[in-house]
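Data first, discussion second: the structure below is written as C-alpha cells.
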Amino acid sequence: MPENKKYVILAGSGRSGTTWLGSILDSYEKAEYFYEICHYPELGFTTPELLKIKNPYTFRLPHRPVWVRRGERAILETQVKYGFRANEAARSLRLNKDYGFRKTAPDTYLFKIVRLLWFCEKLDDLKQVLGDNLKIIHLIRNPFSQLASELRQHAGNAEAAEKRYRERVEYVLKNPAFSGFHGLAEEYAGAGWPEHMVLLWWVSNELMLKATSMPMIRVVYEDLCVEPEAEVRRIFDFLGWTVSEQTLRHLKNTTSVTASERGEWSIKKNSEESMTRWRKELSEDLYRRISAMVSRCSFLELWRGRDLTAASKADLKAVSNKLP
Numbered sequence: 017m018p019e020n021k022k023y024v025i026l027a028g029s030g031r032s033g034t035t036w037l038g039s040i041l042d043s044y045e046k047a048e049y050f051y052e053i054c055h056y057p058e059l060g061f062t063t064p065e066l067l068k069i070k071n072p073y074t075f076r077l078p079h080r081p082v083w084v085r086r087g088e089r090a091i092l093e094t095q096v097k098y099g100f101r102a103n104e105a106a107r108s109l110r111l112n113k114d115y116g117f118r119k120t121a122p123d124t125y126l127f128k129i130v131r132l133l134w135f136c137e138k139l140d141d142l143k144q145v146l147g148d149n150l151k152i153i154h155l156i157r158n159p160f161s162q163l164a165s166e167l168r169q170h171a172g173n174a175e176a177a178e179k180r181y182r183e184r185v186e187y188v189l190k191n192p193a194f195s196g197f198h199g200l201a202e203e204y205a206g207a208g209w210p211e212h213m214v215l216l217w218w219v220s221n222e223l224m225l226k227a228t229s230m231p232m233i234r235v236v237y238e239d240l241c242v243e244p245e246a247e248v249r250r251i252f253d254f255l256g257w258t259v260s261e262q263t264l265r266h267l268k269n270t271t272s273v274t275a276s277e278r279g280e281w282s283i284k285k286n287s288e289e290s291m292t293r294w295r296k297e298l299s300e301d302l303y304r305r306i307s308a309m310v311s312r313c314s315f316l317e318l319w320r321g322r323d324l325t326a327a328s329k330a331d332l333k334a335v336s337n338k339l340p
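Note that my numbering has the sequence shown beginning at 17, numbered continuously upward.
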C-alpha cells in the first residue's frame, strides 16, 4: 500500500444516501474517488458487480486517470445516442457521474462501500493493513425511509429482493461472528423481504456503532438533509480537510435541484418532502410490522426528536405495497 496515501471509506447500507454524500466528498480537491475497495486484492476484496456496471470498460484498471474516465463516459454517451445497449449504458452513466471537480495532487484515496454487513467483517483486516492512515464515515438512515427507497428500487421485481435478502439472513445465521444476532435472525427468518432488509439494516449498523476502536464518524442522513453545510463541515473537520468553494457550490446545487429520477437527484435533499416521503409509500400493515420490529432497536434513539410515526391512517390505507 502506498505509504504516503490516506484512506477514507464512506460506509452505509444500500439506499442510505451514500451516492449523495460520496459526491460531496469527491469535491475535495485532494481526494481520488473509487466506487468500491476492489483495487487491493491483499485485503481479500473482489471486484463487485456494481463497479463493472459503473465502469464497464475500465473496471479492471486499479487507477483511472481523469482522461480515461471521461473517455469512457464519451463512449457510453455515444451508445445511448445511437441505441447500442442503450439501457446498460444509461445506467452506467447515472452511476458514473462526472462533476468536473478540480483536483490538485490527490493524496487521499476515497472509497464507498454499500455492502455494510460484509464490510463489518473486514474492519480488523482494514485496521491491520491501513493502520493510522484510515478514517471511516458511517452513514445511517432511518429504517422506514430506507425501506421505502428499496420498495421503489424493487418495484415489479419482488422475487429478486426476496432471494437477495433471504440469502443474507441465512448468511447471518450461519456465521459465528454474528452469533449475538442469531436469535433475532431466527425470529424473522420466515418473514417477508422487507423484514429481512430491516434486519440487515439493524445488524450491520449496530455492528458499526460498536466498532469504537476505529477512527470513525457517524453521520445521520436526516441530519445531513436538515443542516447540510454544518454536517459537511463536521465531516471535513474529522478528516482534516478544508471546505472549499467547490464543495459549497456542489452542496448548494445538490440541495436545490429537483430533477427527475433520470437526473442527479430525484428530490430536494434538504426538503421536508425528502425526509417524510416514506410516509406516503408504506402501507398500514407494512408500517405496523416494521414499527413493531424496530421498537426494540437500541439505536433508534438516533432519531430522537424526529417524527418517525406514520402518516394518517387514511393515507396509509390508500397505499398498497403488494407484499407478503
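Ideal placement from N, C-alpha and C gives every residue a C-beta, glycine not left out.
- Judged by beta-carbon spacing, K113 lies beyond the 8 Å limit of E45, meaning their Cβ atoms are not closer than that value.
- Across the set F50, G206, S32, I91, the C-alpha of F50 shows the shortest separation from the C-alpha of R76.
- K179 counts as exposed, since fewer than 16 other C-beta atoms from the protein chains shown sit within 10 angstroms of its C-beta.
- K21 and T94 do not touch by the CB rule: their CB atoms are close to 34 Å apart, not below 8 Å.
- Around the beta carbon of P192, a 10 Å sphere encloses fewer than 16 other beta carbons of the protein chains shown; the residue is thus reported as exposed.
- Assignment of L26 by DSSP, reduced to helix, strand and coil, places it in the strand class.
- Short of 8 Å from the beta carbon of Q262, and not among the five residues preceding or following it, lie these beta carbons of its own chain, in chain order: S43, E45, F117, R118.
- If you ignore the 5 residues before and after A171, its C-beta comes within less than 8 Å of no other C-beta in its own chain.
- Contact between the region 243-255 and the region 199-216 is absent, with fewer than three C-beta pairs closer than 8 Å.
- Beta-bridge partners of I40 (DSSP): none assigned.
- Among the bridge pairs identified by DSSP, Y125 is matched with Y23, E48.
- The criterion of a C-beta distance shorter than 8 Å is not satisfied by S32 and T270.
- Classified as exposed, N173 has fewer than 16 neighbouring CB atoms from the shown chains inside 10 Å of its CB.
- For S29, the CB contacts under 6 Å within the same chain, skipping 5 residues up- and downstream, are L132, W217, S220 in chain order.
- Under DSSP, V236 shares a beta bridge with I156.
- The C-alpha of G196 is placed about 24 Å away from the C-alpha of L163.
- Per DSSP, reduced to three states, the secondary structure at K151 is strand.
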